[in-house]
Amino acid sequence: MAGAVAGSTSPGCCASRPPGGKHSFPPGGRQPHLLCRLHVYRGRRGEPKAFGWRDYRDLITAAHQQLGIPLVWCWDNLNVHLAAELADFATDNKDWLRIYRMPAYAPELNPAEGVWSLLKRPMPFR
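Start counting the sequence shown at 1295; every next residue gets the next number (the working numbering).
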């Protein structure tokens, strides 16, 4: 299945190049695209702090409509990525959407994992 490769990070979501930045496109193929949708949290009562499953669904749908090609989406194990509604959405759209789940901790597959491990370390006081 030829198509775009996308990934997800929080609090926003971006479709971007695969690890290593290397692509192989068929002759006459399309160049990579970066599609982002940011979530702005203003601290208002009842306002969601992060993307919900509907936000991810809408981003995936918009990316497919804009690019007009099948998508491959790579996700970590963030709780919203595991939502039953997103699994149902992927099943309903399996002709153009493939979702692959990455292992719980895979810094070689997801560069953001290395940042999280650094942030969890204690900070020395000077």
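Glycine is no exception: its CB is placed at the ideal position from the N, C-alpha and C atoms.
Quick caveat, the model's predicted, so the values are computed rather than measured.
Original post:
Whose C-beta lies closer than 7 Å to the C-beta of L1412 among residues of the same chain, with five residues either side of it excluded?
Top reply: Correct list: empty, nothing qualifies.
Original post:
How long is the line joining the alpha carbons of R1415 and V1409, rounded to whole angstroms?
Top reply: Going by C-alpha positions, R1415 is about 10 Å away from V1409.
Original post:
If we call anything under 8 Å between Cβ atoms a contact, is Y1350 one with V1374?
Top reply: Their beta carbons are under 8 Å apart, which means Y1350 touches V1374 by this criterion.
Original post:
So which of R1392, W1347, W1369 has the shortest CA-CA distance to H1358?
Top reply: Ranking the options by Cα distance to H1358, first place goes to R1392.
Subject >> Cβ-based neighbour list, R1338, same chain, cut-off 8 Å, excluding 5 preceding and 5 following >> reply: Cβ within range, chain order: n/a, list empty.
**OP:** Take W1347 as the anchor and find which of W1367, F1383, W1390 has the nearest alpha-carbon.
**Re:** Looking at the Cα atoms, F1383 is the closest of the given residues.
Subject >> Every unbroken alpha helix (DSSP H) within the segment 1347–1371, with a cutoff of 4 residues, ordered by chain >> reply: Scanning the segment 1347–1371 from its first residue to its last, the whole alpha helix (DSSP H) runs of 4-plus residues come out as 1347–1361.
Subject >> Residue interval of the beta strand (DSSP E) (run including L1391) >> reply: 1391–1395 is the span of the beta strand (DSSP E), which, as asked, contains L1391.
**OP:** Tell me, to the nearest whole angstrom, how far the beta carbon of M1396 is from that of W1369; I am working on the premise that it is less than 8 Å.
**Re:** The beta-carbon separation of M1396 and W1369, rounded to 7 Å, stays under the 8 Å limit for a contact.
Original post:
Out of D1389, A1406, G1340, R1336, which has the shortest C-alpha to C-alpha gap to P1364?
Top reply: Ranking D1389, A1406, G1340, R1336 by Cα distance to P1364 puts D1389 first.
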